[in-house]
Structure formats: C-alpha cells, structure tokens
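Asks: Read left to right, the sequence shown gives residues 115 to 801 (our numbering).
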Amino acid sequence: MKRHSTIMFAALILAGLLGAQSTVTLPAGFDAVDGNALTSFPQDTTADQRWQWHYDSAQFTGITGPILITGIQVRAFSPGAAVAAFNFPTWNVTLIEASTDYLSGAHDPTFANNVLTSSVVRTGPWTGGPVSSTGQTTADWIDMGITGSFLYDPTTGNDFIIQISKCGGGTGWGVPMDGASGPHGTVGGNRYGHVSSCGASVSNFNNDEFVPIVRLLYTQVSPLTDDLSLESIDAPQSSGNPCDALSTTETVSVTFRNLGSNLVPSGTTIPIQLDVDTGAQTAMESVVLASDLNPLDTVSFTFATSVDLSAPGPHIVEVTLAWAPDGNVANDQQTQTVTSGGGNTITTFPWVEDFDGFGAIEGSSIPPANWEQEVTDGSGPEADWTFRSNVTPTPGTGPTGDFDAPGSGFYAYVEDEGNFASVGLLSPCLDLTGLAQPTLVFRLWSESAFGPGFQENVFSVDVLTYPGGVATPQVFGPVGHLGSGWRFQVVDLTAFAGQVIRLRFAASSDGGGTGHDIALDHVRLFDRIPGPGQAPQPGLATLDISASETVDGFPVSSGENGPYFTSASTGDTMTFVFGGEPNQSILLLAGPLQPGLTGFQNVGQFDIGTGVDPMTLFPTGVVLVADGTLSTPPHAFFRTTSNGTAVFSAPLPPLPPGPWTTFQAALFTSLPSVLSLTNAVQINVSP
115 MKRHSTIMFA
125 ALILAGLLGA
135 QSTVTLPAGF
145 DAVDGNALTS
155 FPQDTTADQR
165 WQWHYDSAQF
175 TGITGPILIT
185 GIQVRAFSPG
195 AAVAAFNFPT
205 WNVTLIEAST
215 DYLSGAHDPT
225 FANNVLTSSV
235 VRTGPWTGGP
245 VSSTGQTTAD
255 WIDMGITGSF
265 LYDPTTGNDF
275 IIQISKCGGG
285 TGWGVPMDGA
295 SGPHGTVGGN
305 RYGHVSSCGA
315 SVSNFNNDEF
325 VPIVRLLYTQ
335 VSPLTDDLSL
345 ESIDAPQSSG
355 NPCDALSTTE
365 TVSVTFRNLG
375 SNLVPSGTTI
385 PIQLDVDTGA
395 QTAMESVVLA
405 SDLNPLDTVS
415 FTFATSVDLS
425 APGPHIVEVT
435 LAWAPDGNVA
445 NDQQTQTVTS
455 GGGNTITTFP
465 WVEDFDGFGA
475 IEGSSIPPAN
485 WEQEVTDGSG
495 PEADWTFRSN
505 VTPTPGTGPT
515 GDFDAPGSGF
525 YAYVEDEGNF
535 ASVGLLSPCL
545 DLTGLAQPTL
555 VFRLWSESAF
565 GPGFQENVFS
575 VDVLTYPGGV
585 ATPQVFGPVG
595 HLGSGWRFQV
605 VDLTAFAGQV
615 IRLRFAASSD
625 GGGTGHDIAL
635 DHVRLFDRIP
645 GPGQAPQPGL
655 ATLDISASET
665 VDGFPVSSGE
675 NGPYFTSAST
685 GDTMTFVFGG
695 EPNQSILLLA
705 GPLQPGLTGF
715 QNVGQFDIGT
725 GVDPMTLFPT
735 GVVLVADGTL
745 STPPHAFFRT
755 TSNGTAVFSA
765 PLPPLPPGPW
775 TTFQAALFTS
785 LPSVLSLTNA
795 VQINVSP
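#1: Could you tell me the alpha carbon to alpha carbon distance between asparagine 62 and alanine 609, rounded to whole angstroms?
#2: Quick check for students: name the residue ranges of the alpha helix (DSSP H) that lie wholly in the region 182-246, counting only runs of 4 or more.
#3: Contact between the region 347-367 and the region 237-256: three or more CB pairs below 8 Å?
#4: Could you give the residue range of the beta strand (DSSP E) that holds asparagine 304?
#5: Answer yes if the region 305-325 comes into contact with the region 188-202, meaning at least three C-beta pairs across the two stretches below 8 Å, and no otherwise.
#6: Does any residue of chain C have a CB that is nearer than 7 Å to the CB of glycine 565?
#7: Assuming glutamine 387 and valine 452 make a contact with CB atoms under 8 Å, what is their CB distance in whole Å?
#8: Using DSSP bridges, identify the partner residues of isoleucine 700.
#9: Rounded to whole angstroms, how far is the Cβ of aspartate 498 from the Cβ of valine 555, which I believe are closer than 8 Å?
#10: Report the rounded CA-to-CA distance for isoleucine 121 versus aspartate 148, giving the unit in angstroms.
#11: I'd like the list of long-range same chain contacts for glutamate 541, defined as Cβ closer than 7 Å, with 5 residues on each side in sequence excluded.
#12: Out of curiosity, what's the CA-to-CA distance linking valine 401 and threonine 224?
#13: Consider the C-beta atom of aspartate 215 and the heavy atoms of the ligand HEM; say whether any pair is separated by less than 6 Å.
#14: Among the candidates Tyr525, Asp721, Val328 and Pro581, whose CA atom is the shortest distance from the CA of asparagine 304?
#15: Buried or exposed, going by whether 16 or more other CB atoms sit within 10 Å of the CB of valine 235?
#16: Do threonine 248 and proline 193 come within 7 Å of each other at the CB atom, strictly closer than that value?
#17: For arginine 753, which residues does DSSP report across the bridge?
#18: Can you pull the DSSP bridge partners for aspartate 589?
#19: Label isoleucine 480 either buried or exposed according to how many other C-beta atoms from any shown protein chain fall within 10 Å of its C-beta, with 16 as the threshold for buried.
#20: Let me confirm a value: glutamate 476 is counted as buried when at least 16 other C-beta atoms fall within 10 Å, else exposed. Which label applies?
#21: Ends of the beta strand (DSSP E) at isoleucine 797?
#22: Can you look up glutamine 173 in the DSSP assignment and give me helix, strand or coil?
#23: Going by DSSP, what residue range makes up the beta strand (DSSP E) through alanine 764?
#24: Just verifying my parser: in three-state terms, what is the DSSP assignment at asparagine 675?
#25: Would you list the residues sitting across from phenylalanine 501 in a DSSP beta bridge?
#26: Considering only their Cβ atoms, is the gap separating leucine 657 from threonine 755 smaller than 7 Å?
#27: On the CB-based measure, 16 or more other CB atoms within 10 Å of its CB, does glycine 591 come out buried or exposed?
#28: Could you check what DSSP says for aspartate 545 in three-state terms: helix, strand or coil?
#29: Does the region 374-388 come close enough to the region 396-414 to have 3 or more Cβ pairs within less than 8 Å?
#30: Does the region 612-632 come close enough to the region 654-672 that 3 or more CB-CB pairs lie under 8 Å?
#31: Let's test the definition: count the other Cβ atoms within 10 Å of the Cβ of proline 180 and tell me whether it reaches 16, buried, or not, exposed.
#32: Could you have a look at valine 788 and say whether DSSP puts it in helix, strand or coil?
#33: Taking the alpha-carbon of isoleucine 460 as reference, which of Leu549, Gln603 and Thr586 has the nearest alpha-carbon?
#34: State the Cα-Cα distance for the pair histidine 595 and glycine 567, rounded to the nearest angstrom.
#35: Proline 426 by DSSP, collapsed to three states: which one?
#36: Taking the beta carbon of leucine 132 as the centre, do at least 16 other beta carbons fall within 10 Å, making it buried, or is it exposed?
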C-alpha cells in the first residue's frame, strides 16, 4: 500500500464535483456472480458483535480518483434463499480509510489502529425484509440505509474498511450472508471482529481471505469551484400503505450540498423551484443561507408553499436549484415519485366477499383484488391463507366445501402444516364514514380433530385504523375449536364508525400437531339497523325455516329482530323448526308480510296480515295453518316435545317464482300472557 499526504487528499476532495451515481462490488467480480462462501455473522446471530470488513484498494476496479460513497448493500448467500423480516435494535456503521493492509498479520487487532480517516454513516436500528428468493444468478441486494456519506480515494493505495457494531440482539435474516473466500492473497479482503461484544476495542476472531460481498453506491469526484448539488427530496414520502391518502397540504423539504471548492458565504440567496405533476402545482422560492456553507457541507430547506397530494396514485415531485454561479447544472435537480393511498377504498355498503367471484385457483394463495397476505407474519410453506373449494387435505380438520356454494365456490383457509403464531389476511381499505353501527359478520370453520383443549389453533380479528395503520388487536377472539360446520360470527365495529380501517383475519398454526385447520367464508360488513319485525324469543317462541336469515344475514339463533327470509325451489324440502317451552301447543299462521302490523304487550307483534280488526286488534288476512290445541291429525302433532322443540318437513309445492307467503307462530307458554309470538319467516320461491 502507498500512502499519500492526508492534506493533499483533502485538497483534491475539496476541489470536487459529483457525477452520476455508480456502483462497485467488493471483492471485484461478484456483481452478477454468486459468492463461494457464506457467513451468519453478524446478520443471523443474536450475539452483540463488532466487525471490520477490510478490502484491498485494488478491488475498486475502474475507479481513477476520489469518490463519495453514499450506500452499502449486502445480499443472501444464494439466489434461492429468502431473507426473513429482520430487526436489529442497533446497527451502527463507520466507513474508514485504512492505515493498514488487509492481509492477515498486517491488519492490527486493535480496531482503532486501522483508522486513517473515518466517518459514522449510520446509527440506530436496522429493519427490513422479508426479501424473496430470486431464482436468478444472485440474491437481491439489501440496502443498509446509511444516512451519511464518505469520501474515499482508492488511487492513494489506502485500503477501505466497513466497521459494523451490532448491539441488542434482535431478529436475524434466517439465512447466511454471501461471501468470498480463497487462498492467501487471492481474494482481496478479510474480516476481523469480536463475536460477543459490540463495544470491544480488540478483535478475537478473523479469517484469512474471507470477506462478505458488498456493493457500494458512489459518485465520482472531479474539479470545480462553484457547484451546489441537490442531494435529496426528503419530504413528502409515499403514504406506505393503500389506505393512507396524503393530505392537501403536504410539506416539501430538500437537502443540498456544496460540492465546489469555494465557500458559499452567509446571506447568499439561492433560488429554488418546485414543480408537482408537470406543472399542476409550481412555486419559486429562495434559500437565504444563515451561515457559511463550507465545501462538502449540506443545508436543508423546507418550502413555505405546501402541495396537494391527496388524489390517490402517483405524483411526480421535482425540485431544481437555480443558483447563477453554479458551474454544473447536471446535479441541480431531483425528481421523486410519491404515491398517495386511498384509491381502492370501499365506500359502499353492505360490502360482501364470498371468495367465489375473483377467479381463485384451487390451493392458490393469491387473494381477491385489494386483499393482501400479511408479509411480516412468516415465510415458507403454509405461511399464507390459501383458497379452496373442496374438502381439506386432512379429513375432520376443516371444511368439506364452501359455505354458500358447496362444490363450486371458494373459501379462505389456513392449513395446520406450518408453525406460525399468526397467519394474517388483510381486507381492502374500508371507509366507515356514514355508518352508525358498522357490523362485521362472517362464517368460521374452526375444527380440531382432537376436540377442545388439545393442540388447538386460534382465530382472531384485528382492526387497523388509518392514517397510520394503528392496530386494535382481537376485536374478535381469540377462539379455538368450535366443532364441525360453518359457524356464524358477529363483530360490532361501532367503535370504528367514521374511520378508515382494514380488517386482519389471523389464524395460528402453532398449536402442535396437524389436526386443526381454520377457514373463513362469506365476509360481510354493513350498517346494522335493527329490523322492524318481531325478534325470536328463545325459550318461549322461535321459528326457523330452512336456515332462514334476516336481510343482513343473521340466522334465527342470533336473536336479531325479524323478519327472516328463506329461499327454495319447487320440490325442495322445507324444514320448520319451532322452539319454546316443553310440551306446549303451536298455532301456525300464514299471511302476507307486513312487519309491525299490530302487537300485544308481553306477547309480541304480528308481522303478517292485511290489516287490523278494529274490535279485536288482531290481524286480518291471516290463515290458521295448524292448531296444536286440537287432538286431530295433523294438528295434534304441532306441539313441542319435552326438550322444547318441534321439527316438521315438507316439500315445496309447485309455485311461481317470487315471495310465496310468510309464516309466524304463536306458542303457548306458562306465563300469565299465555301466548308468545315467534319471529316471522317469508318463503321466496326460486326459479
């Protein structure tokens, strides 16, 4: 290695101009070639560590002068490796012009003794991922997100060091990092570190010719006296999720740097222009320097003029410096695309997703439009919800078919073959403005082959509110084994009325074993307005005909106000289920539906009839179909059994399509009122 005077080097740098951004891979030759070695240090270990990755200056091939390093990237060891979501509480990076050679024996074990010049370019946490496998020749690069820059000239012969201090444990990549290795003196790099301390001053581990493969982002420096470079547009940033729309008054902030060799004095006025969406919004303002701007120093500036970026979709923000003495206009402009969310928000209710109409493929994990698989909950087999129409792979652990259209429709499903605490499925954005009592209903199949209490998985629903995506966990659940069948579930979302939300349906698969699948179908969100009809009276008087429901999809078992409805075609079996006190007579009535026609205190209201008799206040236009007080058949059969129920079935006769009639029953009780009225059920004839 050959050393030049630090003063001469600084003079060269201060006479600099940055050109276009370029990249260089260290060691040389591995940009599009997978490495021949790998390491778990430090990105896939929980131990605190400190490292110096030492690269020979000769690896900076094709670089003929000083450069400004602005980015560092690393990658997984193989294009087939997927990097998990990672989170390191402290990942500090220092870039160093080395005072020693990279070779084993020349690099000093004391970290500080290898430093000629240095700069701390990032501090604090480093989070990212997951990063999918590529199937290409190498894995994708992962940026370390440095916030500073470093001036380095490989032509001096001084080597280059990346120093990393990882503290506080954290969650690692789950896979090794790519590296290069070979015989002594052939690789052009070595690593030296302490494997259990991030504040150590001396290394306790090193390799002979092994070093991680990195890619540096840099710009070349060349001489110029007056040059201001617009470095970055710092704000606004994209909203980051599909539900957050940007505002009508977004702030625009930028950073620019003095790349010339001349000082720009305090009080200098620098014109700066703002353009949004190619002339849709413009502003010309001025930066007045509050202090001298020395060579290589930066200044931040915020426009007084705000911009409207509330329209969903991408916006182009362009900022241009217009300083007259500037000798290099090529670096005076930055353009940034900023995306505002909110473009696919659901605003019309009721909203229904039954997973039947979006073109699902059996076993696919591709969700309906604007739904998303949660990307931070895990990776690998069975880490997502899948969509099925048939029976689950393991009988007795999940649905036999779709809820609404068995054999043809689809349902969403989590197979109990993974080992995940939560597998999340995110709904579209839902704007609940105008809904007084937003209510979520859905069908859930949660069946463990072993029954309750053993190797159970759980299901829950979270709500994310926007802006910000703030989570309210478990507005429903967690629930475990419910048994075989699609169970009707209700979630009151009144607390979120007027807000923009997303729903996160979360199922676990880490209960142990493989016997508890979880499935979801017929998701519906609406404004819950109580119906005008008589509600079922559990234990006194209820009527269900072939799984009837309210207009909002509530079954009779929900106790929701009526009326209720059911549909059938000619010849279909109609099943009447009555509920009341044991051994009581049933009066079955039929007539046209007219909710709230008349009522009696402690008995209930009639929802059928054509009018009201002014003398008796009983409804007119009602037919007595069966009288359980009579001893003659078939009337005598219309009595509840000892368990308080009565069930009758009959085929639907040939009838024209449309509403046929509405049934309502009066059941005798032991109460002083003697009678109680059931809810009404209208039968609609399907073609």
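C-beta: ideal position from N, C-alpha, C; glycine also.
Being a predicted model, the structure only gives us computed values, none of them experimental.
Replies: A quick look at the data gives this:
#1: Within the shown structure, residues of the chain are numbered from 115 to 801, placing residue 62 beyond reach of any answer.
#2: Here no run is fully enclosed.
#3: Taking 8 Å as the limit for Cβ pairs, the verdict is that the region 237-256 does not touch the region 347-367.
#4: Bounds of the beta strand (DSSP E) holding asparagine 304 are 303-308.
#5: Not touching, per the Cβ criterion.
#6: Here chain C cannot be found, since the structure has a single protein chain.
#7: Actually they are not in contact, since the Cβ atoms of glutamine 387 and valine 452 sit about 17 Å apart, beyond 8 Å.
#8: Isoleucine 700 is bridged by DSSP to Leu781.
#9: About 24 Å separates the two Cβ atoms, so there is no contact after all.
#10: Unreliable placement is indicated for isoleucine 121, whose pLDDT of 33 sits below 50; the coordinate value is still reported in the next sentence. Distance between the alpha carbons of isoleucine 121 and aspartate 148: 39 Å.
#11: Note that residue 541 is serine in the sequence shown here, rather than glutamate. Same-chain partners within the cutoff: Trp485, Arg616 and Leu617.
#12: Near 46 Å, if we compare the C-alpha coordinates of threonine 224 and valine 401.
#13: No copy of the ligand HEM occurs in the structure displayed, which carries no ligand at all.
#14: For asparagine 304, the closest of Tyr525, Asp721, Val328 and Pro581 by C-alpha to C-alpha distance is Val328.
#15: Result: buried.
#16: Yes, the Cβ-Cβ distance between proline 193 and threonine 248 is below 7 Å.
#17: In the DSSP assignment, the residues bridged to arginine 753 are Ser699.
#18: It should be noted that the sequence gives valine, not aspartate, for residue 589. Answer is none; valine 589 lacks a bridge partner.
#19: With fewer than 16 other Cβ atoms from the protein chains shown falling within 10 Å of its own Cβ, isoleucine 480 counts as exposed.
#20: Exposed.
#21: Per DSSP, the unbroken beta strand (DSSP E) holding isoleucine 797 starts and ends at 795-799.
#22: Judged by DSSP in its simplified three-state form, glutamine 173 adopts helix.
#23: First-last of the beta strand (DSSP E) with alanine 764: 759-765.
#24: Residue state, collapsed to three classes: coil.
#25: Per DSSP, the beta-bridge partners of phenylalanine 501 are Ser478 and Ala526.
#26: Their beta carbons are not under 7 Å apart, which means threonine 755 does not touch leucine 657 by this criterion.
#27: Counting the other CB atoms within 10 Å of its CB gives glycine 591 a total of 16 or more, which places it among the buried residues.
#28: Here aspartate 545 carries a strand assignment [DSSP, helix/strand/coil].
#29: With the cut-off at 8 Å, the region 374-388 and the region 396-414 touch.
#30: Because the criterion of three Cβ pairs below 8 Å is not met, the region 654-672 and the region 612-632 do not touch.
#31: Within a 10 Å sphere around the beta-carbon of proline 180 sit 16 or more other beta-carbons, which makes this residue buried.
#32: In the structure shown, the three-state DSSP call for valine 788 is coil.
#33: The option with the nearest alpha carbon to isoleucine 460 is Leu549.
#34: Histidine 595 and glycine 567 have their C-alpha atoms roughly 8 Å apart.
#35: Of the three classes helix, strand and coil, the one that applies to proline 426 here is coil, per DSSP.
#36: Because the pLDDT of leucine 132 is 49, which lies under 50, any placement of that residue in the model is unreliable, and the number read from its coordinates should be weighed accordingly. Per the 10 Å Cβ criterion, buried.
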